[in-house]
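Below is one structure; the comments refer to it alone.
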Amino acid sequence: MPATFAHCLIGTKAIDASLKKKKKTLAKILSENNSFVITGATGPDYPYLTDVLTTGVLKIGHTWANRMHYENVSTFVREGVTRLAAMDKKGESFAIRLAWFCGYVSHVIADSYVHPVVNSIVHGPYMFTHNEHGKCELIQDIYIFQKEKGDDIVNSNPRTGTFGYLRILDECSDPNDADRIHPEIRAFWTDLLRAAHPYAQEYFDGIDPDKWHYNYKGRVNFVVDSGAIFRHILGMAGFNYKKEAEITLEERKKYIEKVLLPNGLEDHYDNVFKAVVDRVVVVWEKIFDNITQGTPSSIADYIKDWNLDTGIDESRIDLWM
Numbered sequence: 016m017p018a019t020f021a022h023c024l025i026g027t028k029a030i031d032a033s034l035k036k037k038k039k040t041l042a043k044i045l046s047e048n049n050s051f052v053i054t055g056a057t058g059p060d061y062p063y064l065t066d067v068l069t070t071g072v073l074k075i076g077h078t079w080a081n082r083m084h085y086e087n088v089s090t091f092v093r094e095g096v097t098r099l100a101a102m103d104k105k106g107e108s109f110a111i112r113l114a115w116f117c118g119y120v121s122h123v124i125a126d127s128y129v130h131p132v133v134n135s136i137v138h139g140p141y142m143f144t145h146n147e148h149g150k151c152e153l154i155q156d157i158y159i160f161q162k163e164k165g166d167d168i169v170n171s172n173p174r175t176g177t178f179g180y181l182r183i184l185d186e187c188s189d190p191n192d193a194d195r196i197h198p199e200i201r202a203f204w205t206d207l208l209r210a211a212h213p214y215a216q217e218y219f220d221g222i223d224p225d226k227w228h229y230n231y232k233g234r235v236n237f238v239v240d241s242g243a244i245f246r247h248i249l250g251m252a253g254f255n256y257k258k259e260a261e262i263t264l265e266e267r268k269k270y271i272e273k274v275l276l277p278n279g280l281e282d283h284y285d286n287v288f289k290a291v292v293d294r295v296v297v298v299w300e301k302i303f304d305n306i307t308q309g310t311p312s313s314i315a316d317y318i319k320d321w322n323l324d325t326g327i328d329e330s331r332i333d334l335w336m
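Here the sequence shown is numbered in my numbering, starting from 16 and rising by one per residue.
Below is the structure:
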């Protein structure tokens with residue numbers, strides 16, 4: 016994954032860019048409910064934290080985080096569009112669900128685009144390079160947060176700072192219980208997971224957005240614990256968030272200034288980040304059209320069944336084509 020804050024910032028930048036497009040009606044809904052977009056942008060990673068806190072390891076087999084990253088990615092998006100297309104477009108339920116869903120889709124696009132870049136930098140996929148992979152994303156997260164927000168993650172107040180990420184998560188909590196996720200997201204997310212993964216029926220009772228939300232909120236305070244997400248999710252003891260100025264020259268060159276791309280060329284991370292934002296905006300516009308026109312089947316034209324760790328479409332079985 017692009018790390019936590021890169022995902023969040025991709026979502027916020029994409030909202031700003033979408034408002035400049037001709038079709039602004041649904042983009043305006045995202046802007047008015049931007050906290051839900053940001054929370055959705057971390058959605059596929061949400062359960063990883065609960066998995067680690069429960070078992071102490073990242074499981075290779077079934078987890079809902081694994082399924083969201085490796086199985087039926089296109090189906091999940093199609094099912095979301097199908098349901099949104101059938102809703103009253105003027106209601107609060109639609110607004111909240113649309114915003115969270117578009118954030119979720121931004122995560123899918125970001126992972127599918129950026130992971131091949133990270134894999135090129137560290138010379139292998141996450142399965143074989145998880146420490147170096149995580150360090151790369153950590154350094155890029157530190158850099159892009161300071162660049163976009165003018166503040167260091169480790170110094171940014173989680174509620175009143177330039178980003179206020181705990182405040183954002185609170186705004187997406189159940190109005191009657193801050194430890195639970197908003198009921199619209201709870202119902203929508205559960206429904207989509209069941210629809211997108213019909214052969215995982217034996218695990219349906221383990222779909223628990225409330226638990227995922229509670230654990231995520233409890234481990235995302237980087238001011239209190241600068242290694243919160245990475246130590247628990249990536250198993251990277253010793254790799255914590257730090258000030259942007261503390262990025263070493265070697266780290267800056269490798270992970271930011273001369274990023275190795277999948278095509279063998281080099282580029283600055285700023286350009287990779289911008290390319291992801293631009294791609295998210297294009298996909299959102301297509302989703303807006305699919306929702307307003309009621310054409311969810313078109314999703315497969317531009318959202319593939321990517322493995323989000325590699326960006327590879329896994330719906331193709333070459334020897335049976």
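Beta carbons: idealized from backbone N, C-alpha and C, even for Gly. Given the structure is predicted, the values throughout are model-derived calculations rather than measurements.
Decide if residue i is buried, meaning its Cβ has at least 16 other Cβ atoms within 10 Å, or exposed.
i      : result
LYS226 : buried
ARG234 : buried
ARG93  : buried
ASN286 : exposed
ASN170 : exposed
HIS283 : exposed
GLN308 : exposed
PHE219 : exposed
TYR214 : exposed
GLU152 : buried
PHE245 : Any reading at PHE245 must be qualified, since the residue scores a pLDDT of 48, below 50, and its modelled position is unreliable; no value is offered.
THR40  : exposed
PHE91  : buried
SER108 : exposed
HIS148 : buried
HIS138 : exposed
LYS35  : exposed
THR263 : exposed
SER312 : exposed
ILE332 : exposed
Kindly indicate which residue of the options has the alpha-carbon position closest to the one of residue i.
i      : options                           : result
GLY358 : ALA42, ARG82, HIS77 and THR40     : No answer is possible for residue 358: the residues shown for the chain start at 16 and end at 336.
ASN230 : ILE196, ILE262, PRO213 and ILE200 : ILE196
SER50  : TRP79, CYS117, LYS105 and ILE262  : CYS117
LYS38  : GLU329, GLY326, TRP299 and ASP328 : TRP299
GLU163 : GLU329, LYS301, LEU334 and GLY26  : GLY26
GLN161 : SER127, HIS148, PHE109 and TYR256 : TYR256
ARG294 : PHE178, THR19 and LYS28           : LYS28
ILE136 : ILE124, VAL296, LEU275 and VAL96  : LEU275
VAL96  : ALA211, ILE183 and ALA80          : ALA211
THR205 : ALA80, VAL296 and LYS301          : ALA80
ASP189 : ILE200, LEU181, SER89 and GLY179  : ILE200
LYS232 : CYS187, GLY106 and ILE306         : CYS187
THR65  : TYR158, ILE75, ASP223 and THR54   : ASP223
Which two residues bound the contiguous beta strand (DSSP E) that contains residue i?
i      : result
ASP192 : 192–196
Starting from residue i and walking both ways along the alpha helix (DSSP H), at which residues does that stretch end?
i      : result
MET142 : 141–164
HIS22  : 19–33
ASN230 : 224–233
ASN338 : Since the displayed the chain opens at 16 and closes at 336, residue 338 lies outside it and no answer follows.
TYR180 : 180–186
GLU266 : 264–267
ILE53  : 49–56
What is the C-beta distance between residue i and residue j, in whole angstroms, given that I count them as a contact (C-beta under 8 Å)?
i      : j      : result
GLN155 : ALA290 : 14 Å between Cβ atoms; not a contact.
LEU323 : VAL123 : 7 Å
PRO140 : THR325 : 6 Å
ASP316 : ASP328 : Between ASP328 and ASP316 the Cβ distance is about 12 Å, and since that is not below 8 Å, they are no contact.
Next item on the list: Could you tell me which uninterrupted alpha helix (DSSP H) segments, each at least 4 residues in length, are contained entirely in the region 81–130, listed from first to last along the chain?
Entry: 88–100
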